[in-house]
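**Q**
Chains as they are written, first to last, in my numbering: chain R, 219 to 444; chain L, 13 to 330.
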């Protein structure tokens, strides 16, 4: 297979996932409702209290983390449930399956994260990032990092017996460096701090994505093929 | 057999040396404590400069002798009375505080006569500085055991030999054991030095994450029935976990402010072992302890691997 073929099958897998998602809207609907429910719990518990902006940064990441945990395992678990894993194994190379799924998960996470942030901006009055540019950079880069780490874990747990509970257990320790630097960079974006003080966090997020995606591409074959 | 006995004595001997070697400061240390306005008495080690000049002091009550410390500085040491073993003594470790006006050290107690090896006095740590001899070797062994686990994971994925998978799991188990030891020794120590068992210092966070990673690793192993599947999926997870571990172990604790030496806001020592800020005696004991722990790990590894090998052979019916 040459590069154009791989590219074509990546796009085909991405297209297949998007189409089947649009047909059922299973993941998107469930996830958007999940976000609404979680946000209302937060709004109830805040009950009009004014909270420090740094606390909001933490709350935002809690919602983003759990939304990702409830949604991102779907892509591989659905293949197992529908019994289409074998077909996919025959038709496409592991690399293109991985990258196709990664792109789909990334698109889903970015959509989800943007939706979460929009709801936060609408419903929490004092949720006003002082540096919108940096804030959106962190949220979107964080979304890419979350999906890049969880895609291979989703592939692992799709083959395990306890699919639902294991996903957050396996993901959390791997995601923690990105959560920590994501929260710290979001805090900086929420407050009137120098843009450069978030630089170390952004570098960490960037290198995290590179390391995890590289390792996943190398390892995915062993997860995917029996 | 002989090397197991040797290992036992090696670790026991260096633990004893680590625990029993007295902490002793210099005149610089005791003067600094005095300047900080602290009335606290600290251990000071000195050699008696000239025995013939030792005499009852001008104020009548004290027995004064001139002493030279390890850095070659000298001062008077005022004892409450003539120490009984004075004739045989060439030096002492005494507990005392510095009296700047009279340029003398007021001695309250003789801790040891003719002292041998000592560890340096570190303000704020004192005897507690010895944690480094136990806590650091087990922490290093945690990382080494997990590195070995990842190494056998990679080997399994290349050669598909189930024995490599068993070795990988065994090493991860030993790593978890060392990790628990590092966490508990550190946590108990933190209670006495930093005031609480857990402070979420970046290194504490990192060891907590290591516990979670390998907890998750064994949770994953128990969720998979088929041996080959369990082997390859847990190897993948082990490798994936190990590539993110450096972010915690080596990067985060150095770029974030924290309580451990080598944190971003650490101005006095920096990374203690690698920067050469450590006392030579202590360094030798630390490296000997580390060597002992490596051999201990290799022994446990060998033991568990041969047990597993026998179990596998029995299962095969051979």
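No residue lacks a Cβ here, since even glycine has one placed at the ideal position from N, Cα and C.
It should be emphasised that the depicted structure is a prediction, and the values quoted were computed from it without experimental measurement.
1. Residue 233 of chain R lies in the alpha helix (DSSP H); which residues open and close that run?
2. Out of L/126, L/39, L/119 and L/110, state which residue places its alpha-carbon closest to the alpha-carbon of residue 99 of chain L.
3. My output table needs one value for residue 111 of chain L: the three-state DSSP class, helix, strand or coil.
4. Are the segment 291 to 298 of chain L and the segment 15 to 25 of chain L in contact at 8 Å, needing three or more beta carbon pairs?
5. Specify, as a first and last residue, the run of the alpha helix (DSSP H) that residue 175 of chain L falls within.
6. Excluding the five sequence neighbours on either side, which residues of its own chain have a C-beta within less than 8 Å of the C-beta of residue 310 of chain L, listed in chain order?
7. Given that a residue counts as buried once 16 or more other Cβ atoms are within 10 Å of its Cβ, and exposed if not, what is residue 318 of chain R?
8. Which of the three DSSP states, helix, strand or coil, is assigned to residue 208 of chain L?
9. Contact criterion: CB-CB distance below 8 Å. Does residue 248 of chain L meet it with respect to chain R?
10. Going along chain L, which residues have a C-beta under 9 Å from residue 429 of chain R?
11. In chain L, what lies closer than 7 Å to residue 377 of chain R by C-beta?
12. Within its chain, find whatever has a CB closer than 7 Å to the CB of residue 19 of chain L; leave out the 5 residues flanking it on each side and keep chain order.
13. Could you check where the beta strand (DSSP E) with residue 119 of chain L kicks off and where it finishes?
14. Using the beta-carbon of each residue, which ones in chain R are nearer than 7 Å to residue 251 of chain L?
15. Please list, in chain order, all residues of the same chain as residue 399 of chain R whose beta carbon is under 7 Å from its beta carbon, the five residues on each side excluded.
16. Do you know how far the Cα of residue 226 of chain R is from the Cα of residue 169 of chain L?
17. Would you call the CB atoms of residue 232 of chain L and residue 245 of chain L closer than 8 Å?
18. With H, G and I counted as helix, E and B as strand and the rest as coil, what does DSSP make of residue 134 of chain L?
19. Going along chain R in order, which residues have a C-beta closer than 7 Å to the C-beta of residue 189 of chain L?
20. Should residue 110 of chain L and residue 46 of chain L be called a contact, given that it needs their Cβ atoms to be closer than 8 Å?
21. What are the boundary residues of the beta strand (DSSP E) that residue 88 of chain L is part of?
22. Taking residue 274 of chain R as the query, report the chain L residues whose CB atoms sit under 7 Å from its CB, ordered along the chain.
23. Does the beta-carbon distance from residue 324 of chain R to residue 362 of chain R come in below 8 Å?
24. Provide the residue span of the alpha helix (DSSP H) that contains residue 298 of chain R, from first to last.
25. Look at residue 278 of chain R and residue 229 of chain R and say whether their C-beta atoms are less than 8 Å apart.
26. Find out if the Cβ-Cβ distance for the pair residue 249 of chain L, residue 226 of chain L is shorter than 8 Å.
27. When the Cβ atoms of the segment 397 to 413 of chain R are set against those of the segment 263 to 281 of chain R, are three or more pairs found closer than 8 Å?
28. Do residue 42 of chain L and residue 54 of chain L come within 8 Å of each other at the CB atom, strictly closer than that value?
29. Determine whether the beta carbon atoms of residue 92 of chain L and residue 116 of chain L lie at a separation below 8 Å.
30. Of all the CB atoms in chain R, is at least one closer than 8 Å to the CB of residue 281 of chain L?
31. Express the C-alpha separation of residue 182 of chain L and residue 314 of chain L in angstroms, rounding to a whole number.
32. What residues in its chain sit with their C-beta under 6 Å from that of residue 122 of chain L, if we drop five residues either side in the sequence?
**A** Let me spell this out:
1. 221 to 242
2. L/126
3. strand
4. no
5. 174 to 205
6. none
7. buried
8. coil
9. yes
10. 255, 256, 258 and 259
11. 241 and 245
12. 304, 307, 308 and 311
13. 116 to 125
14. 433 and 437
15. 419, 422 and 423
16. 28 Å
17. yes
18. coil
19. None at all; the shortest Cβ gap to chain R is about 18 Å.
20. yes
21. 86 to 91
22. Per Cβ cutoff of 7 Å: no residues; residue 274 of chain R is ~20 Å from chain L at best.
23. yes
24. 292 to 300
25. no
26. no
27. yes
28. yes
29. no
30. Legend: pLDDT at residue 281 of chain L = 49, less than 50; position of this residue unreliable, no value from coordinates given.
31. 10 Å
32. 95, 104 and 106
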